[in-house]
């Protein structure tokens, strides 16, 4: 049978079972596996068990890897969810693909502004609303649905597959990096490719493959002014307030055009190559749709190339918020004693985390030296993750491009991402192999937002692309 | 019997019943009447009933005044606690004193940093720890204990008393101002004095009477950048972020010496009189103890007069916090869509709220005009309360000074306060009579802080001062 014949049968089988796939995703979304909420940890464990059972029903050998305990802010310890290591096939004549995904989700509650119950998958106008629908339960289940389809069609599977499914991705992937390092010479030894479906298309219509990610340096600025919170009536005017210093420091970090004001921060950013702008020109990207998706009237840059460059190949700085200050509704006349300002810098080739850390420290020190304040001000790199850049002409990318053409009838755009998926880099380092980011969700899925959704059409087409990808990657 | 003889009997009676008084305060503190927590409203109602029963047992005629409903942020409505109107005595030959106090308390939980359970009154080293011990359950119960003592000693009460006890003081006294206005020609008609014990001594040792309060203008700066929260990886660098604008505006409000940077804000501040510094020199005030109490190494000003002036007769500006930004522990890579910066200005004679509102609006407008941002930025005076200044040589103050001398053996300092008790001004306006602030707690009681306490000695001496005050004020 030609591969075209098989593709037809595969696509028909998948289409015929759409209802089952939606039910399956619905069952998964109904488990509120929020990794950031300690009291929901049992639900995360339940999600791991649910997935393990599903995988075992497909004949995938599953091992649960214990990655230890998480230490909470209050000192208590909480067991981390096990990482699922799955092995499907062990044919030395076949290539081996590692598939990574995650089973945990971002926090969600109706009061955040959801139009539907976040943990009840709700279909409306061809869209499946629910927390985790697109990030990342939908894609993970898609891979498994495809294996099931091959089995039902009695088609030999083209490759060996190894699964790494974690459940702390939305809370820093604690334990995973160490686990992968420990698996370098065993579970991960001799694999050929790594594929990850945990990102999104550039737009709502056209598929893409991603070969680059920005990194991140997340900083805490810590200011302490007194040993207790004070009443602004009793003490206001006589005390060097922590918030005054913190706001002053935070105001010196970025200007109204998004330009970072930290001395030297752009020195290591890769120079624009002469032909680089051309790459961006060829990409399909709707500036108006982008503004609409962000929900803003006006972006900082107006033309496509500049917007994409500022998302992918230039650094950016975001002020996220302040811990310890008054954050409730209404009025409270407190002078907060201890406040922590939080900001992060998205980093790009060839910025080095160590350099950025030094530059930020120096900047904060300079600002405070000009202020006449006795308050203790310190800045700390809370978390640093490197950028990632792959070769988009690698055979695995060629295979995924072919699969996209078969399903969608068009070449995917080769794009990068502004966010970071730190594990991408870890997989590249620990396997020494090419990593492919194969998004199947649309840009407006709202992965970390209210009303997260996954289009039914993308769910179905995503499985088809995955199904063909397995054949193509076996060949290249 | 001479008044000295009676004082001796009164003081002995009070001293003999110290244990009972502590138990009574303990019973009151055990009711967590937190007005800011909607789910605790039944506890506030319970506190009103507890006090009503106690008052009625003393023969005080109690009426509960319905002040309507509170509208919560989510639109739901909640019944406001009734205001207790008590009448004790109706002798036309006697003067009538209005006593104001409040039965609600600030929020408190052990996790805020309390060393003991906040709603269990705990005696340690002569101090009674518990939420509401000093603010304001202790003082309110003290007034009632004194009436009971007069009764037990068969001593005719020197004055008529009218009680106004509210239970929303820690959440803006909603409903009270309207109630007092409506009572102007009935309940409040023909009264002679108003006395309020809901403030604190300047230090830990020496009593004082207060004749001035700063007012407050509480502002919200509202910045909206998008219709939903965004991921800083996907959108950082291309969006005019709300936080960047907000922090920029907030950083222009006050400098590192506490000086307000809003143009024209000092124009209406009363000029320093030639002899004014002398008044401050005479006041007993320990700068080191003040720093220790605040828990700071260094205050902005170093000398006594300057510190007191900056607390009482100069305005100050505090940045309280931000609503809508990331305020949790750990790292979250959000671009908040809508943030509200909160700050307040403490106002002094002769600043006018309307002027300040205009100046702040103009300032924010000027700052934003210089920025190139399409974000919607608005500033709103959320709450304005006037300053208050009384005549410290008024007969009621003379009576309270005499009472203080009898109990403490020293003249109280005549001081002002940096905070506002808006109801002071309302009582003055609605009665047209002199209002006296008679604090009985110490400066380190921590009214709105963790580990709020009330010294046993102050509880006892406070009742004695109140007991003598009633005699003296009947005479002046």
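Chains as they are written, first to last, in UniProt numbering: chain A, 1 to 476; chain B, 1 to 476.
From the three backbone atoms N, C-alpha and C, an ideal C-beta is built for every residue, glycine too.
7 Å Cβ shell around residue i - same chain, five flanking residues per side excluded
i              : result
residue 433(B) : 191, 192, 193 and 194
residue 236(B) : 335
residue 170(B) : 35, 36, 104, 105 and 106
residue 91(A)  : 160
residue 173(A) : 166, 422 and 423
residue 255(B) : 261
residue 45(A)  : 81
Proximity test, Cβ basis, 8 Å: residue i and chain A
i              : result
residue 264(B) : no
residue 250(B) : yes
residue 382(B) : yes
residue 426(B) : no
residue 297(B) : yes
residue 8(B)   : no
residue 441(B) : no
residue 217(B) : no
residue 256(B) : yes
Proximal residues to residue i (C-beta, below 6 Å), its chain only, five neighbours per side dropped
i              : result
residue 175(A) : 67, 68 and 80
residue 4(A)   : none
residue 461(B) : 407
residue 291(B) : 299
residue 223(A) : 242, 245, 246, 339, 375 and 377
residue 341(B) : 221, 246, 250 and 322
For residue i, the nearest candidate out of the options (CA to CA)
i              : options                           : result
residue 350(B) : 269(B), 101(B) and 225(B)         : 269(B)
residue 9(A)   : 303(A), 150(A), 250(A) and 115(A) : 150(A)
residue 238(A) : 314(A), 250(A) and 225(A)         : 225(A)
residue 199(A) : 189(A), 446(A), 87(A) and 451(A)  : 446(A)
residue 84(B)  : 140(B), 342(B) and 30(B)          : 140(B)
residue 205(A) : 448(A), 437(A) and 411(A)         : 411(A)
residue 153(A) : 367(A), 13(A), 303(A) and 318(A)  : 13(A)
residue 396(A) : 430(A), 368(A), 418(A) and 437(A) : 437(A)
Test: residue i CB closer than 8 Å to a CB of chain B
i              : result
residue 320(A) : yes
residue 329(A) : yes
residue 231(A) : yes
residue 243(A) : yes
residue 454(A) : no
residue 210(A) : no
residue 374(A) : yes
residue 15(A)  : no
residue 314(A) : yes
residue 240(A) : yes
Under the three-state DSSP convention, the category residue i falls into
i              : result
residue 219(A) : strand
residue 60(A)  : coil
residue 208(A) : strand
residue 90(B)  : coil
residue 7(B)   : helix
residue 376(B) : strand
residue 362(A) : helix
residue 477(A) : Residue 477(A) lies beyond the range of chain A shown here (1 to 476); nothing can be said about it.
residue 180(A) : helix
residue 394(A) : coil
residue 125(A) : coil
residue 279(B) : helix
residue 308(A) : helix
residue 342(B) : strand
Spatial neighbours of residue i in its chain, beta-carbon cut-off 8 Å, leaving aside the 5 residues before and after
i              : result
residue 399(A) : 469, 472, 473, 475 and 476
residue 52(B)  : 62, 64 and 84
residue 30(A)  : 119, 120 and 121
residue 126(A) : 455, 456 and 457
Is the stretch 110–125 of chain B touching the stretch 452–468 of chain A in the sense that three or more CB pairs, one from each, lie closer than 8 Å? Under the Cβ criterion (8 Å, minimum of three pairs), the stretch 452–468 of chain A does not count as touching the stretch 110–125 of chain B.
Quick check: the stretch 328–338 of chain A against the stretch 261–276 of chain B, are there 3 or more CB pairs under 8 Å? no
Does the contact criterion of 3 or more C-beta pairs under 8 Å hold for the stretch 206–215 of chain A versus the stretch 210–228 of chain B? no
Are the stretch 161–177 of chain B and the stretch 409–429 of chain B touching by the rule of at least three beta carbon pairs closer than 8 Å? Because the criterion of three Cβ pairs below 8 Å is met, the stretch 161–177 of chain B and the stretch 409–429 of chain B touch.
Are at least three pairs of beta-carbons, each pair with one atom in the stretch 11–27 of chain A and one in the stretch 127–145 of chain A, less than 8 Å apart? yes
For the structure I just gave you, are there three or more beta carbon pairs, one from the stretch 93–102 of chain A and one from the stretch 118–127 of chain A, closer than 8 Å? no
Looking at C-beta atoms only, is the number of pairs between the stretch 305–319 of chain B and the stretch 271–286 of chain B that lie closer than 8 Å three or more? In short, these stretches touch, since the Cβ pair count reaches three.
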